[in-house]
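First residue of the sequence shown? That's 245 in the working numbering, and the numbers climb one at a time after it. Beta carbons are placed, not taken as given, at the ideal position from N, Cα and C, and that holds for glycine. Predicted, not measured: the structure shown is a model, and the values here were computed from it. Some notes on the structure that comes next.
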Amino acid sequence: MDLGLKGKIAVITGASVGIGLAIAEGLAAEGVDLVLAARGGDRLEAEAARIAEKFGVSATAVVADVATAAGTEAIIAATAEKGGADILINNAGTGSNETVMEAPDEKWQAYWDLHVMAAVRLARGIAPQMKKRGGGVILHNASICAVQPLWYEPIYNVSKSALMMFSKTLSTELIQDNIRVNCINAGLILTPDWIKTAKQLTAESGGNWEGYLQSVANEHAASKRFGTPEELANVFVFLSSERASYCIGSTYFVDGGMLKTI
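Written as structure tokens, this is what we have:
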């Protein structure tokens, strides 16, 4: 299937590792030039250089914290220098661990800035670039926790739910400019963060982190396994393409059967 993506320009946040990196590779394989953003400069620049060499595309590294206005402004400016973007992937994010009763205001605000305001600011700056180029695609990486919350991360649940609603709301505003906006809610995806957490949790009980992860998959996913970042990235690549031209304002679940509602 020809996805018609060759020569497009994509902006990806949280692009140096895990899901963001898999999306970057998936798009690069289709001939998409990249603007990759993350906080860790050395790793980001190394991955950008590797992807550019492997796939024969342009990959610009922008070291930026998307939870700040200055960070998003740096990404917007770097994208403008390339002539604008056709695709924006709002991927940057991380889990939380707290209770509502104990979490301070500062933690709520930090996650709001990371998961919601980053997407708002980047939309304001990059959507006009897309309009000048004739249209584009904006995709938000939310989470199954946006609709099926986990008890131990209420701030993550709430902020990802807000991101999903922002995606829906933005879609109705931007489709008039031929910009399609959609949201992806992933379930269990085997990222480095999951592996790190599993190793920490099992360090004092024998170190069977693989067994721990399998128990998580057995409990939550009908498929009884974690998905790979590449499996999730395939959905992002498809939704970025003209083959998904009638996909507008929707939320797509990629969760191995984890969602328990209809």
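Residue interval of the alpha helix (DSSP H) (run including residue i)
i, result
"leucine 265", "262-273"
"threonine 316", "313-325"
"leucine 366", "362-376"
Rounded distance between the beta-carbons of residue j and residue i, thought under 8 Å
i, j, result
"valine 360", "serine 403", "6 Å"
"alanine 477", "isoleucine 256", "Not really, about 10 Å apart at Cβ, beyond 8 Å."
"alanine 281", "isoleucine 319", "5 Å"
"alanine 390", "methionine 408", "4 Å"
"glutamate 342", "isoleucine 382", "Contact flag wrong, Cβ pair sits at about 29 Å."
Chain-order list of residues whose beta-carbon lies under 7 Å from that of residue i (same chain, five-residue window excluded)
i, result
"asparagine 422", "Gly378, Gly379"
"serine 485", "Leu247, Gly248, Leu249"
"glycine 258", "Gly264, Ala282, Asn335, Ala336, Gly337"
"alanine 508", "One cannot answer for residue 508 here, as it falls past the ends of the chain, which runs 245 to 506."
"tryptophan 352", "Ile399"
Residue interval of the beta strand (DSSP E) (run including residue i)
i, result
"isoleucine 439", "Where isoleucine 439 is concerned, there is no enclosing beta strand (DSSP E), although the alpha helix (DSSP H) it sits in stretches over 436-446."
"aspartate 421", "Premise fails: aspartate 421 is in no beta strand (DSSP E) and is neither H nor E."
"threonine 343", "It is not in any beta strand (DSSP E) - threonine 343 carries neither H nor E in the DSSP assignment."
"aspartate 286", "Unbroken run through aspartate 286 is the alpha helix (DSSP H), 285-299; no beta strand (DSSP E)."
"phenylalanine 480", "Premise fails: phenylalanine 480 lies in the alpha helix (DSSP H), 473-484, not in any beta strand (DSSP E)."
"isoleucine 433", "Premise fails: isoleucine 433 is in no beta strand (DSSP E) and is neither H nor E."
"isoleucine 388", "Looking at the DSSP string, isoleucine 388 is not in any beta strand (DSSP E), and its letter there is neither H nor E."
"leucine 278", "277-282"
"alanine 259", "Run containing alanine 259: none; DSSP gives neither H nor E here."
Residue i, DSSP secondary structure in three states
i, result
"asparagine 334", "strand"
"aspartate 357", "helix"
"isoleucine 382", "strand"
"tyrosine 400", "helix"
"tyrosine 496", "strand"
"leucine 407", "helix"
"asparagine 452", "coil"
"isoleucine 506", "coil"
"alanine 329", "coil"
"alanine 488", "helix"
"valine 310", "coil"
"alanine 507", "No information on residue 507 is available, as it lies outside the stretch 245 to 506 that the chain covers here."
Beta-carbon proximity list for residue i, same chain, < 6 Å, skipping 5 on both sides
i, result
"proline 393", "Asn401"
"serine 415", "Val425, Ile492, Gly493"
"asparagine 385", "Asn335, Ile428"
"arginine 283", "Asp309"
"serine 302", "Asp277"
Interface flag, residue i vs chain C, CB-CB below 8 Å
i, result
"glutamate 291", "Of the chains in the structure shown, none is chain C; there is only one protein chain."
Sequence-distant residues of its chain with Cβ nearer than 8 Å to residue i (five each side left out)
i, result
"tryptophan 395", "none"
"threonine 446", "Asn452, Trp453, Gly455, Tyr456"
message = With a threshold of 8 Å, are at least 3 pairs of Cβ atoms found where one atom belongs to the region 264-280 and the other to the region 323-343?
response = yes
request  = Would you check if there are 3 or more beta carbon pairs closer than 8 Å linking the region 303-310 to the region 279-290?
outcome  = yes
message = Contact between the region 459-468 and the region 410-429 is defined here as three or more beta-carbon pairs at a separation below 8 Å; is this criterion met?
response = no
task = Would you check if the region 428-444 and the region 467-475 touch, i.e. whether three or more CB-CB distances between them fall below 8 Å?
result = Contact between the region 467-475 and the region 428-444 is established, with three or more Cβ pairs separated by less than 8 Å.
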